[in-house]
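Trainee: So the sequence shown is residues 989 to 1292, counted in this note's numbering.
The C-beta atom is built at its ideal place from N, Cα and C for all residues, glycine as well.
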Amino acid sequence: MKQYGYCKDAAALAAVSGGVMLRSDDRLKDSVVSRASLQKLLLSPEADIGLEKQFENTQTQLWINLFRQCAEHEVVVRLPDMLFDCLLPQNDAEFACIAEMFQCPEEALRGEAERLTMCHQLCCCQEYHFPPQYLRLFELQIRSIMQGAERGGLHKIALLLPYSGNVDEVRMLCGLTDGIAAEFLITCQLGIEVSTPRAACETREYAGLMDFLVFNTEALTQKMYGIPADGAEDAVEYYMQRGVFEQSPFCSFDETGLGTLLLLAIERARAIPARIRIGMMGKPVCEPVGQAFCRENKVDMLFT
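(1) Using C-beta distances below 6 Å, list every residue in its chain close to ALA1207, excluding the 5 sequence neighbours before and after it, in chain order.
(2) Let me know if GLN1027 comes out buried or exposed under the rule of 16 or more other beta-carbons within 10 Å of its beta-carbon.
(3) On the CB-based measure, 16 or more other CB atoms within 10 Å of its CB, does MET1198 come out buried or exposed?
(4) Can you find the residues in the same chain that come closer than 7 Å, C-beta to C-beta, to ILE1215, ignoring five residues on each side of it along the sequence?
(5) Is the closest heavy atom of the ligand MG to the C-beta of GLY1179 under 7 Å?
(6) Is the separation between the beta-carbon of PRO1272 and that of THR1191 shorter than 8 Å?
(7) Inspect the CB distances between the stretch 1053-1060 and the stretch 1133-1152 and report whether three or more fall short of 8 Å.
(8) Assign HIS1117 to one of three DSSP states: helix, strand, or coil.
(9) Verify whether the separation of the beta carbon atoms of VAL1232 and ILE1266 is less than 8 Å.
(10) Comparing alpha-carbon positions, which option in ASP997, GLN1229, GLY1099, PRO1093 lies nearest CYS1058?
(11) SER1025 and THR1048 look like a contact to me (Cβ under 8 Å); what is the Cβ gap, rounded to whole Å?
(12) From the beta carbon of VAL1065, is the nearest beta carbon of chain C less than 8 Å away?
(13) When you compare the CB positions of ARG1066 and MET989, do they come within less than 8 Å of one another, or not?
(14) Decide if ASP1218 is buried, meaning its Cβ has at least 16 other Cβ atoms within 10 Å, or exposed.
(15) Identify, in the order they occur along the chain, each residue of the same chain with its Cβ nearer than 8 Å to the Cβ of LEU1246, setting aside the five sequence neighbours on each side.
(16) Please state the DSSP three-state secondary structure of CYS1112.
(17) For TYR992, is the classification buried or exposed, using 16 other Cβ atoms within 10 angstroms of its Cβ as the cut-off for buried?
(18) Could you tell me which residues DSSP pairs with MET1306 in its beta bridges?
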């Protein structure tokens, strides 16, 4: 079982001895110009080819600089799973920065942000990854990653796609990614993050499309208990004090619920002739019971 350590930046690479997991949304925060450019693209009703190219070039250079430090590691890049949340301006300072940088009215930016937020809520997109209006931004990120990997000296790279809703949508994202990756001279493997019980029930279908599957055990635990990990400390503590929980379900491996679901999902994924790699991430599989589960079921990849 190969371990992959999460690295936010080049400085963290020194502490990693195995594989490396990088998050593409970290690169969105590396540069004020890059983040502002992407936010302006999101808030612009009309296409802006020049700004798209500027964003792509800035992102590519950030990836080149990082990948040059990763030559000794196997690299997995995780794509953002909630683009809507991480792209919209988060405060007054960001709105003012975009308005000043691109010489556009701040009121218009705020109005478009409010419109997008309303549409997002009406379409029930809070838990829906990659709504259609973000596909172009998805393509720009994939292209900058692939360019950065090739020019940064990598010979192969793995991309971890977030779960998007159903197999047909995943097939569409795979087609977009494969089409871009084919333009470059490095090997690109595709994986998908399994973060909902429904996705776990469709692993046989995903196994025919992907090179590897990664089960997000924290996200699956949240869905199975119906309790969000963020902000649920008081509720979990209340249940633990009264003996309902022996320990926090987000820091322990639930063999009855999570374990049963994972066994079913792994069995279905391995039912097809092609050998697919199985990965796990999250606190539940980093404690002893979870580690034992991974060894017993011959998990290939562990993300810590």
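Mentor: According to the structure data:
(1) Residue 1207 sits at position 219 when you count from the first residue of the sequence shown. Answer for ALA1207: SER1183, listed in chain order.
(2) Sequence index remark: in the sequence shown, residue 1027 carries index 39 (1-based). Buried, by the Cβ-count rule.
(3) One-based indexing of the sequence shown puts residue 1198 at position 210. Of the other Cβ atoms in all chains shown, 16 or more fall within 10 Å of the Cβ of MET1198; this residue is therefore buried.
(4) Residue mapping note: residue 1215 aligns to position 227 of the sequence shown, counting from 1. ALA1223.
(5) Among the components modelled here there is no ligand, and therefore nothing to report on the ligand MG.
(6) Here residue 1272 corresponds to residue number 284 of the sequence shown, with the count starting at 1. Here residue 1191 corresponds to residue number 203 of the sequence shown, with the count starting at 1. No, they are not a contact pair.
(7) With a cut-off of 8 Å, the stretch 1133-1152 and the stretch 1053-1060 count as touching, because enough Cβ pairs lie within range.
(8) Looking up residue 1117 in the sequence shown gives position 129. Here the model assigns HIS1117 a pLDDT of 47, short of 50, so the residue's position is not dependable and the matter cannot be decided.
(9) In the sequence shown, counting from the first residue as 1, residue 1232 sits at position 244. In the sequence shown, counting from the first residue as 1, residue 1266 sits at position 278. At least 8 Å separates the beta-carbon of VAL1232 from that of ILE1266.
(10) Sequence index remark: in the sequence shown, residue 1058 carries index 70 (1-based). Nearest C-alpha to CYS1058: ASP997.
(11) Your numbering for residue 1025 matches position 37 in the sequence shown. Your numbering for residue 1048 matches position 60 in the sequence shown. Contact doesn't hold; Cβ gap of about 13 Å is too wide.
(12) This model lacks chain C altogether, as it is built from one protein chain only.
(13) Position 78 of the sequence shown, counting from 1, holds the residue named residue 1066. Position 1 of the sequence shown, counting from 1, holds the residue named residue 989. Between ARG1066 and MET989, the gap from beta carbon to beta carbon reaches 8 Å or more.
(14) On the sequence shown, residue 1218 is found 230 positions in, with the first residue counted as 1. With fewer than 16 other CB atoms across the displayed protein chains lying within 10 angstroms of its CB, ASP1218 is exposed.
(15) Within the sequence shown, numbered from 1, the residue matching residue 1246 stands at position 258. Cβ neighbours of LEU1246 beyond the five flanking positions: THR1205, LEU1208, THR1209, MET1212, PRO1272.
(16) Residue mapping note: residue 1112 aligns to position 124 of the sequence shown, counting from 1. The predicted model places CYS1112 with a pLDDT of 47, which falls under 50 and marks its position as unreliable; any figure quoted below should be read in that light. CYS1112 falls in the coil class under three-state DSSP.
(17) Translated into positions along the sequence shown, residue 992 becomes position 4. TYR992 counts as buried, since at least 16 other C-beta atoms from the protein chains shown sit within 10 angstroms of its C-beta.
(18) Because the chain is modelled from 989 through 1292, residue 1306 falls outside the range shown and cannot be assessed.
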